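Asker: Chains as they are written, first to last, in my numbering: chain A, 28 to 235; chain B, 28 to 235; chain C, 28 to 235; chain D, 28 to 235. This is the structure I have questions about; it appears just below.
Number of protein chains: 4
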Amino acid sequence: MSSPSVVAVSGNPRAGSRTLGAARAAAERLAALASADPAAVEVVDLATLAGELLAPAHPAADAALARVAAADLAVIATPVYKASYTGLLKAFLDLYGADGLAGVVAVPLVVSGSPAHALAGEVHLRPVLVELGAVVPARSLTLTEAQLADLDPALDAWLARAAAPLRRALGLAAGSAHPTAAAPAAAPAVAPAAAPAAAPAHLAGAAR
Amino acid sequence: MSSPSVVAVSGNPRAGSRTLGAARAAAERLAALASADPAAVEVVDLATLAGELLAPAHPAADAALARVAAADLAVIATPVYKASYTGLLKAFLDLYGADGLAGVVAVPLVVSGSPAHALAGEVHLRPVLVELGAVVPARSLTLTEAQLADLDPALDAWLARAAAPLRRALGLAAGSAHPTAAAPAAAPAVAPAAAPAAAPAHLAGAAR
Amino acid sequence: MSSPSVVAVSGNPRAGSRTLGAARAAAERLAALASADPAAVEVVDLATLAGELLAPAHPAADAALARVAAADLAVIATPVYKASYTGLLKAFLDLYGADGLAGVVAVPLVVSGSPAHALAGEVHLRPVLVELGAVVPARSLTLTEAQLADLDPALDAWLARAAAPLRRALGLAAGSAHPTAAAPAAAPAVAPAAAPAAAPAHLAGAAR
Amino acid sequence: MSSPSVVAVSGNPRAGSRTLGAARAAAERLAALASADPAAVEVVDLATLAGELLAPAHPAADAALARVAAADLAVIATPVYKASYTGLLKAFLDLYGADGLAGVVAVPLVVSGSPAHALAGEVHLRPVLVELGAVVPARSLTLTEAQLADLDPALDAWLARAAAPLRRALGLAAGSAHPTAAAPAAAPAVAPAAAPAAAPAHLAGAAR
Numbered sequence: 028m029s030s031p032s033v034v035a036v037s038g039n040p041r042a043g044s045r046t047l048g049a050a051r052a053a054a055e056r057l058a059a060l061a062s063a064d065p066a067a068v069e070v071v072d073l074a075t076l077a078g079e080l081l082a083p084a085h086p087a088a089d090a091a092l093a094r095v096a097a098a099d100l101a102v103i104a105t106p107v108y109k110a111s112y113t114g115l116l117k118a119f120l121d122l123y124g125a126d127g128l129a130g131v132v133a134v135p136l137v138v139s140g141s142p143a144h145a146l147a148g149e150v151h152l153r154p155v156l157v158e159l160g161a162v163v164p165a166r167s168l169t170l171t172e173a174q175l176a177d178l179d180p181a182l183d184a185w186l187a188r189a190a191a192p193l194r195r196a197l198g199l200a201a202g203s204a205h206p207t208a209a210a211p212a213a214a215p216a217v218a219p220a221a222a223p224a225a226a227p228a229h230l231a232g233a234a235r
Numbered sequence: 028m029s030s031p032s033v034v035a036v037s038g039n040p041r042a043g044s045r046t047l048g049a050a051r052a053a054a055e056r057l058a059a060l061a062s063a064d065p066a067a068v069e070v071v072d073l074a075t076l077a078g079e080l081l082a083p084a085h086p087a088a089d090a091a092l093a094r095v096a097a098a099d100l101a102v103i104a105t106p107v108y109k110a111s112y113t114g115l116l117k118a119f120l121d122l123y124g125a126d127g128l129a130g131v132v133a134v135p136l137v138v139s140g141s142p143a144h145a146l147a148g149e150v151h152l153r154p155v156l157v158e159l160g161a162v163v164p165a166r167s168l169t170l171t172e173a174q175l176a177d178l179d180p181a182l183d184a185w186l187a188r189a190a191a192p193l194r195r196a197l198g199l200a201a202g203s204a205h206p207t208a209a210a211p212a213a214a215p216a217v218a219p220a221a222a223p224a225a226a227p228a229h230l231a232g233a234a235r
Numbered sequence: 028m029s030s031p032s033v034v035a036v037s038g039n040p041r042a043g044s045r046t047l048g049a050a051r052a053a054a055e056r057l058a059a060l061a062s063a064d065p066a067a068v069e070v071v072d073l074a075t076l077a078g079e080l081l082a083p084a085h086p087a088a089d090a091a092l093a094r095v096a097a098a099d100l101a102v103i104a105t106p107v108y109k110a111s112y113t114g115l116l117k118a119f120l121d122l123y124g125a126d127g128l129a130g131v132v133a134v135p136l137v138v139s140g141s142p143a144h145a146l147a148g149e150v151h152l153r154p155v156l157v158e159l160g161a162v163v164p165a166r167s168l169t170l171t172e173a174q175l176a177d178l179d180p181a182l183d184a185w186l187a188r189a190a191a192p193l194r195r196a197l198g199l200a201a202g203s204a205h206p207t208a209a210a211p212a213a214a215p216a217v218a219p220a221a222a223p224a225a226a227p228a229h230l231a232g233a234a235r
Numbered sequence: 028m029s030s031p032s033v034v035a036v037s038g039n040p041r042a043g044s045r046t047l048g049a050a051r052a053a054a055e056r057l058a059a060l061a062s063a064d065p066a067a068v069e070v071v072d073l074a075t076l077a078g079e080l081l082a083p084a085h086p087a088a089d090a091a092l093a094r095v096a097a098a099d100l101a102v103i104a105t106p107v108y109k110a111s112y113t114g115l116l117k118a119f120l121d122l123y124g125a126d127g128l129a130g131v132v133a134v135p136l137v138v139s140g141s142p143a144h145a146l147a148g149e150v151h152l153r154p155v156l157v158e159l160g161a162v163v164p165a166r167s168l169t170l171t172e173a174q175l176a177d178l179d180p181a182l183d184a185w186l187a188r189a190a191a192p193l194r195r196a197l198g199l200a201a202g203s204a205h206p207t208a209a210a211p212a213a214a215p216a217v218a219p220a221a222a223p224a225a226a227p228a229h230l231a232g233a234a235r
C-alpha cells in the first residue's frame, strides 16, 4: 500500500483532553512505525461533536465516521467511566452500520484513573471494535493517569509487543524499524521482537 | 516464512468430541488458506491429557504446550460450559508462563448449544489468549451444535471476513487465493485492510 | 419499607420504542411482585433526553438521574448495539458520580435482534450498574425482538428464578405472592421457588 | 432461617494457599455478619481435589459440590491466572448441572498480583456464578497480593458496601448489627436499599 493513513479518536467528553493527547501521541508513534508521516495523523475529538452525536442529524459526525472508516489504522481512545468506555465514544460508534470498521486496523486505548480498570480495553472496548469488523491484532494500550505526564516509556513497553502484529496487519513486514528493533534481527518471522518464542522457556514456572 | 504450521486444540472433556472435529476442520481450512498442507495439521485433544493437567507433573501436557506455542497458527476450541470456556481448556492454558503464546496467531472457536452464548469467544476466551501474548486478528468463530453436522457453510461465512486479517497476521499477502475469493459481489464487506472502504456506505442506516 | 418505588429506563434512541415498552412491562410485573402499584411505575425514556445528555448543562437529565437514584427498584433497559448497551444509555449513566446508584436494586434488561448477543447483559451492562453501586441480585433479563410481541411467557420464565432474590433485595419476604408461587410453600428460605436445591440432583449429568 | 451456613472455596492450585486463607477470613467475617458461627465455616480447598476433578469419577469432588450447593452463602475465591479465574476453579464449577448453585448467595473473591486484573471478578467470575443460578448481590471482593498480609482493612472497606445487600439476600434485616454499623459518618455511601439516597448528592461532580 501507499503510506498508511492513521487517525486518532478521543471519546473523552472534555475537548482537548489528556486522553486526546495520549491518543495523538500513540497514533504518531504508530504512524512512524508504519513509515507514514506522523504529522499527517488526523485527530477526531468527539467532545467537539457531542452536541450532535445523539441528534437525528449529525453531519459533522458523519464526516468523522467516514474519516475513521477510511483510515488504515485507528487509535480509539477513551477514559474509563464506570469501569468501561464512555457513552460519548459508544454513541459515536453506534452510528456505524454493520461492519462499519471493516478494513480498519484498530488499537483500543484506555486511560484509567485506577489500574483496577485496566481490563476494560480487552473485555469491553475491543469486542465493540471487533463487532464493527475492525481488526485488533495487538493488546489494548492501557495507560493510567499517572503515566500521561511521560508517555514514551509506556508506549515503548507496549510497542515492544504490539509493533510486529500491527505492522503485519497493515501488510508491512513485521521486523523492520520499530522502536524495539534493537532486538536481534534473528527474531523469527512470527514472533514479536521481545519474545524469542523458545517454547520450553515459556513453560517454566508457569502458574503462580 | 516457510509453510506455516497449524495446530488445533480442543478443550472438550470428551475425547474425540465434535468440538475436536470442528477445530480440526477449521484448522485444515486455515492451513489451505495459508498454503500449508491440511494433512499436516496437528491436533491436541485435551481430553487425553485430563489426567495430568492438574497434577504436579504433566509431561505429556508439556509437550502439547510446546507444540502449540511453536505453531504459527492455532485454533483454540472449546464448548461453552457455564457461559464460558471449559475448565479443562483453562487448566491447560494456565500452565503457560507469561507471554507463552507470543508469536502465535490464534483463532478462538466456541461451540455452543445455544446461540445465547455466542459472545463467550470474544469476552471470555479471546482476552485469555491475548493475555498470553497471542495475536487474535479475526473474529472468534462461533458454531452452534446445529451447525456441526455441516460445517462448510459456517466456515465459509466466517472466512469471508477472517481470511484476510489471518493471512496478513501470518505475513502472507491478504488478497490472494483464499477460499472465498471466488465469492462474487455477495461478499462486499470483506474489505481487506488496504481497501478504500467506501465510507458513506458503512454509515447508512446505522443504528437499528 | 413502604411500598417500593419502581422506575423503568429505556436506552433506546427512538422515543416510545419497543425497548421502552418491554422495560415498562417488566417494571409493572416487578411492582406487582413487590406489592407496589404497577400504575405508579415511573418511566424514563432517554430518547427524549438525547438532546442534552452530552451537553454541558442537562437539567432534564439531572431530574431523571435523581428519580432513578431515588428508586427502590430500577429496570435498566437497552437494545443491543454493536454487541453491547447503547451509547445513549451509557451517556446517561456516565453522569452519575461514584456510587450514584447505591441503594438501588437494578435489573438489566437487554433486547437483542439476535440471540447471539444475550450475554451482553451479564458481561457489559451489569458491571456498569455494579460499578455505580447498584445491587443486581437476579439474572439479566434478555429478550429477543421476536419475544416482544408477547412478553408474558418470557417474563414468567425469568421471574421464576428472579422473583425471590429481587424480593429479598428489597427487604421483602422471598416466598410470597410471586407469579410462580404455585411452587410448594416448603421452598426453603434461601432457595428460589423453582429450585428445590436438592444438592445431589444438581450434580447429575453435569457437563455436557 | 436458622443460622446460615457459610462455605469458602479456593480455586488456587496450591494447597493451603493464601487465596484459601483470604477466602476463609472473608467467610468468617460474613458468618459473623449473618449471626452465624465463624468457627462453623466450611472450607473447600480445590487443590486437594485436583487429582480427580478432570477424571471420569470424582467422589470427593461430588461431596464438595454438594456442600457448596447446600450452603446459604459461599465465598468463591480464585487467584488471577491469565487475567481470569483458574482452570482449577472452572473445572470444579463445570461439574454442576444447570442451576447447580440456585439458592446460594455467592461472593466472588479475586486475588490478583496486579491491580490491573481487578475487573476479572465482575466480568469473568460473576457471570459464571450467575449462570449457575447463584445470587450475587454484592460487588466482587478484589484483593491484591499486597493486601493479603493484613486483610481486615480491605474486608472492612468492602463490607461497608457489601454487608447490607448480602444480609438482605440471606433474608436478614439489612440494617442491624453488621461489623461496620458502628462506623460513624465516615461511611455515608453505604446507603441500604431503603435509604432515601439523597439524590442530588449522587449527581455532583459526575463525570471526571
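Glycine included, each C-beta is placed from N, C-alpha and C at the ideal position. Note that the structure is a prediction, hence the values are computed from the model and not measured.
1. Could you give the distance in angstroms between the alpha-carbon of A/F119 and the alpha-carbon of B/V36?
2. Can you check whether the CB of D/L152 is closer than 9 Å to the CB of D/T105?
3. List the endpoints of the continuous beta strand (DSSP E) containing A/L170.
4. List the endpoints of the continuous beta strand (DSSP E) containing D/A133.
5. What would DSSP say about C/P180, mapped onto helix, strand or coil?
6. Pair every Cβ in the stretch 41 to 48 of chain B with every Cβ in the stretch 46 to 57 of chain D, then say whether three or more of these pairs are closer than 8 Å.
7. For D/A84, count the other beta carbons within 10 Å of its own beta carbon; 16 or more makes it buried, fewer makes it exposed. Which is it?
8. What is the residue span of the alpha helix (DSSP H) that C/D89 lies within?
9. Pick helix, strand or coil for C/A233, following the three-state DSSP scheme.
10. Just verifying my parser: in three-state terms, what is the DSSP assignment at D/P154?
11. For A/D72, tell me which candidate among A/V102, A/S30, A/L57, A/R56 has the shortest Cα-Cα distance.
12. Check whether the Cβ atoms of A/R135 and A/S167 sit closer than 9 Å, and answer yes or no.
13. Quick one: which chain D residues come within Cβ less than 9 Å of B/T113?
14. Which stretch, first to last residue, makes up the beta strand (DSSP E) that contains B/E69?
15. With a threshold of 6 Å on Cβ separation, who are the neighbours of C/L116 within its own chain once the five nearest residues in sequence on each side are excluded?
16. Can you find a C-beta in chain D that's less than 9 Å from the C-beta of C/P180?
17. Looking at the C-beta of D/L175, does it have a partner C-beta in chain G at a distance below 9 Å?
18. Distance cutoff 9 Å, beta carbons only. Does C/P154 sit that close to anything in chain A?
19. Just checking: is the beta-carbon of D/L170 within a distance shorter than 9 Å of some beta-carbon in chain C?
20. Can you name, in chain order, every residue of its own chain whose Cβ lies under 7 Å from the Cβ of B/E79, other than the five neighbours on each side?
21. Can you grab the Cα-Cα spacing for the pair A/P31 / A/L60, in whole Å?
22. Using the C-alpha atoms, what's the distance from D/A52 back to D/V33?
23. Kindly say whether B/L128, judged by its beta-carbon, lies nearer than 9 Å to any beta-carbon of chain C.
24. In chain order, what residues of the same chain have a beta carbon less than 8 Å from the beta carbon of B/P180, not counting five sequence neighbours either side?
25. If we ignore side chains and look at the alpha-carbon of each, how far apart do D/D121 and D/S29 end up?
26. Could you check where the beta strand (DSSP E) with C/A35 kicks off and where it finishes?
27. Check each candidate in D/T169, D/V157, D/V163 and name the one with the smallest Cα separation from D/G148.
28. What are the residues of the stretch 131 to 148 of chain B that lie near chain C, defined by any Cβ-Cβ distance shorter than 8 Å?
29. Buried or exposed: where does A/S62 fall if 16 or more other Cβ atoms within 10 Å of its Cβ makes it buried?
30. Pop quiz: D/L182 and D/L100 are said to be a contact at Cβ under 8 Å. What is the actual Cβ separation, rounded to whole angstroms?
31. Output, in chain order, the set of chain A residues within a Cβ distance shorter than 9 Å of B/G38.
32. What does A/A110 touch in chain D if you count any residue whose Cβ is under 7 Å from its own?
33. Can you pull the chain D residues whose beta carbon is under 8 Å from the beta carbon of A/V157, in chain order?
34. Just checking my contact of C/A145 with C/S139 at CB under 8 Å: how many whole Å lie between their CB atoms?
35. Figure out for me which residue from D/P142, D/A184, D/R195, D/P164 has the closest Cα to the Cα of D/E172.
Answerer: In brief:
1. Start at 1 with the first residue of the first sequence, and residue 119 of chain A comes out as number 92. Start at 1 with the first residue of the second sequence, and residue 36 of chain B comes out as number 9. So the two alpha carbons sit approximately 38 Å from each other.
2. What you label residue 105 of chain D is simply residue 78 of the fourth sequence in a count that begins at 1. What you label residue 152 of chain D is simply residue 125 of the fourth sequence in a count that begins at 1. In this structure, D/L152 lies closer than 9 Å to D/T105 by Cβ.
3. Indexing the first sequence from 1 puts residue 170 of chain A at position 143. That run of the beta strand (DSSP E) goes 168 to 171.
4. Stepping through the fourth sequence from its first residue, residue 133 of chain D is reached at position 106. Residues 132 to 139.
5. By 1-based counting over the third sequence, the position of residue 180 of chain C is 153. Of the three classes helix, strand and coil, the one that applies to C/P180 here is helix, per DSSP.
6. Flag = no, the stretch 41 to 48 of chain B and the stretch 46 to 57 of chain D do not touch.
7. Along the fourth sequence, one-based indexing puts residue 84 of chain D at 57. Its Cβ having fewer than 16 others within 10 Å, D/A84 is exposed.
8. For the purposes of this step, residue 89 of chain C is taken as the residue at position 62 of the third sequence. Segment 86 to 97, the alpha helix (DSSP H) holding C/D89.
9. Reading the third sequence from its first residue, position 206 is the one you call residue 233 of chain C. Because the pLDDT of C/A233 is 33, which lies under 50, any placement of that residue in the model is unreliable, and the number read from its coordinates should be weighed accordingly. Three-state DSSP puts C/A233 in coil, outside helix and strand.
10. For the purposes of this step, residue 154 of chain D is taken as the residue at position 127 of the fourth sequence. If DSSP states are grouped into helix, strand and coil, D/P154 belongs with the helices.
11. Position 45 of the first sequence, counting from 1, holds the residue named residue 72 of chain A. From the listed residues A/V102, A/S30, A/L57, A/R56, the smallest Cα separation to A/D72 is found for A/V102.
12. As a first step, residue 135 of chain A is located in the first sequence; it is residue number 108 there, counting from the start. As a first step, residue 167 of chain A is located in the first sequence; it is residue number 140 there, counting from the start. The displayed chain sequence assigns Pro, not Arg, to residue 135 of chain A. In contact: A/P135 and A/S167 (Cβ atoms closer than 9 Å).
13. Against the second sequence, residue 113 of chain B aligns to sequence position 86. Neighbours of B/T113 on chain D, chain order: G114, K117, A118, D121.
14. Here residue 69 of chain B is taken as the residue at index 42 of the second sequence, counted from 1. Element bounds for B/E69: 69 to 72.
15. Your numbering for residue 116 of chain C matches position 89 in the third sequence. So the qualifying residues of the chain are G38, T105.
16. By 1-based counting over the third sequence, the position of residue 180 of chain C is 153. Interface residue (Cβ-Cβ distance to chain D less than 9 Å): C/P180 is not classified as such.
17. Reference to chain G is not applicable here, since the protein chains of this structure are A, B, C and D.
18. For the purposes of this step, residue 154 of chain C is taken as residue 127 along the third sequence, with counting starting at 1. So, interface residue.
19. Start at 1 with the first residue of the fourth sequence, and residue 170 of chain D comes out as number 143. At a cut-off of 9 Å between beta carbons, D/L170 makes no contact with chain C.
20. Reading the second sequence from its first residue, position 52 is the one you call residue 79 of chain B. So the qualifying residues of the chain are H85, A87, A88.
21. Against the first sequence, residue 31 of chain A aligns to sequence position 4. Against the first sequence, residue 60 of chain A aligns to sequence position 33. For A/P31 and A/L60, the gap between their C-alpha atoms comes out near 10 Å.
22. Position 6 of the fourth sequence, counting from 1, holds the residue named residue 33 of chain D. Position 25 of the fourth sequence, counting from 1, holds the residue named residue 52 of chain D. Answer to the nearest angstrom: the Cα atoms are 12 Å apart.
23. Against the second sequence, residue 128 of chain B aligns to sequence position 101. No, B/L128 does not count as interfacial toward chain C.
24. In the second sequence, residue 180 of chain B corresponds to position 153, counting from 1. Answer for B/P180: Q174, listed in chain order.
25. On the fourth sequence, position 94 is the one that residue 121 of chain D refers to. On the fourth sequence, position 2 is the one that residue 29 of chain D refers to. Here the C-alpha atom of D/D121 lies approximately 30 Å from the C-alpha atom of D/S29.
26. On the third sequence, position 8 is the one that residue 35 of chain C refers to. In the DSSP assignment, C/A35 falls within the beta strand (DSSP E) that extends over 33 to 37.
27. For the purposes of this step, residue 148 of chain D is identified with residue 121 of the fourth sequence, where counting begins at 1. The shortest C-alpha separation from D/G148 is found at D/T169.
28. G140, S141, P142, A143, H144, A145, L146, A147
29. Looking up residue 62 of chain A in the first sequence gives position 35. Its Cβ having fewer than 16 others within 10 Å, A/S62 is exposed.
30. Working through the fourth sequence from its first residue, we reach residue 182 of chain D at position 155. Working through the fourth sequence from its first residue, we reach residue 100 of chain D at position 73. Actually they do not touch by this definition, with Cβ atoms about 15 Å apart.
31. Mapped onto the second sequence, residue 38 of chain B falls at position 11. Within 9 Å Cβ-Cβ: nothing; B/G38 doesn't reach chain A, min ~17 Å.
32. For the purposes of this step, residue 110 of chain A is taken as the residue at position 83 of the first sequence. Going along chain D in sequence order, the residues near A/A110 (Cβ under 7 Å) are L146.
33. Along the first sequence, read from residue 1 onward, the residue named residue 157 of chain A stands at position 130. Result: empty, since nearest Cβ-Cβ is about 16 Å, beyond 8 Å.
34. The sequence position of residue 145 of chain C within the third sequence is 118, counting from 1. The sequence position of residue 139 of chain C within the third sequence is 112, counting from 1. Right, their Cβ atoms sit about 6 Å apart.
35. Numbered from its first residue, the fourth sequence carries residue 172 of chain D at position 145. Ranked by how close their Cα comes to the Cα of D/E172, the residues D/P142, D/A184, D/R195, D/P164 have D/P142 in first place.
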